[in-house]
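What follows is a short report on a single structure.
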Amino acid sequence: MIKKILIFDGNIFYWTKGDLHTDLGMVKEADILKKKKVVSNTGNKFYVLDARFIDKIQRIKRAPQVILEKDIGIILVNISLDKDSKVLEAGTGSGKMSAFLARAIPEGTLYSYEFRKEFLDIAKKNFEDLEIKNIMLKHKDVYKGISEKGLDAIVLDLPEPWKALNHAERSLKNGCYLVAYLPTIYQVMQFVNNVNKNKNFIFVKTIELIERPWFVDGKKVRPMSNIIGHTAFITFIRKI
């Protein structure tokens, strides 16, 4: 797993062990371990930082499309978890969303359902590499039922989340949130229409986040062109 990151002019290089070979030259392992600033054999200067969780998770093995940080952040803020919360996630994929959820509830448990065995194996390895221990990974289809009760939140990264509504209402605590992460507005319409027919849920909101970075250098400031545009619509509902 990643132990250090080296930064050169905004570019990040990830280091685990041994000499680091980059297109900007080679940096010796001994220098990386001992110094905060290092120079490659071609004369390029790098800053050396200890890797944090946000750095380590960038290098996990990926299978399906992952939920990006801009969306993960807004989900975590809105579902209002406590350190000992019990949370269900369905559609584990590579486990990126799972990892952030689990870190938000260090004394709680994340139950994560994934019905595709190949994704399950990838996620399991990623959790081991990230040293996350409070995830209970299950080879299970949430459309067919939810075993856990008294849940504090449910996050569904699935194409047809309305198929899990009846199961969710029996497992989610009163006042707690269910989140549906959907790429198209047509899916959102279907989901919300089904929510409105269910007397045990109320619709809260559907949002879409656009992330626009800015260039700042002295008096020169301008929006940059590498905007992170539409990734998905995020719909929040609450159990009555």
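Residue numbers for the sequence shown follow this note's numbering, beginning at 17 and rising by one. For every residue, glycine included, the Cβ atom is placed at its ideal position computed from N, Cα and C. Keep in mind it's a predicted model, so treat the numbers as computed, not measured.
Query                                                                                                : Result
Where L65 falls, given that 16 or more other Cβ within 10 Å makes a residue buried                   : exposed
Whole-Å CB distance - A196 paired with L146, under 8 angstroms assumed                               : A196 to L146, Cβ: 25 angstroms. No contact.
Distance, A180 Cα to N16 Cα                                                                          : Absent from the model: residue 16. The displayed extent of the chain is 17 to 256, so no value can be given.
Cβ-based burial, V43 [other Cβ within 10 Å; buried from 16]                                          : buried
Cβ shell of W178 (< 7 angstroms), same chain only, five flanking positions each side left out        : Q206, F207, N210
Cβ-based neighbour list, Q81, same chain, cut-off 8 angstroms, excluding 5 preceding and 5 following : G109
Three-state secondary structure (DSSP) of H246                                                       : coil
Assumed close pair G34, E45 - CB separation to whole angstroms, cut-off 8 angstroms                  : 5 angstroms
Between the CA atoms of A184 and E164 - distance to the nearest angstrom                             : 10 angstroms
As assigned by DSSP and simplified to three states, the class of G41                                 : strand
C-alpha distance - P229 paired with G26, whole-angstrom precision                                    : 13 angstroms
Helix, strand or coil at S187 [DSSP, three-state]                                                    : helix
Inter-residue Cα distance where the pair is T32 and L40                                              : 18 angstroms
Distance between Y127 and I95 (C-alpha atoms, nearest Å)                                             : 16 angstroms
Three-way DSSP call (helix, strand, coil) for S131 in this model                                     : The sequence shown places Phe at residue 131, not Ser. Coil, per DSSP.
K61 in three-state terms, based on DSSP                                                              : strand
Exposed unless 16 or more other CB atoms sit within 10 angstroms - verdict on T251                   : buried
Boundaries (first-last residue) of the alpha helix (DSSP H) holding K72                              : 69-72
Paired residues, beta bridge with M152 - DSSP                                                        : Y127
Closest residue to H246 among R75, L198, V232, K112 (Cα-Cα distance)                                 : L198
Bounding residues of the beta strand (DSSP E) (the contiguous stretch that carries D233)             : 230-233
Supposed close pair R254, I218 - CB separation, criterion 8 angstroms                                : 5 angstroms
Identified DSSP bridge partners for A196                                                             : L172, T251
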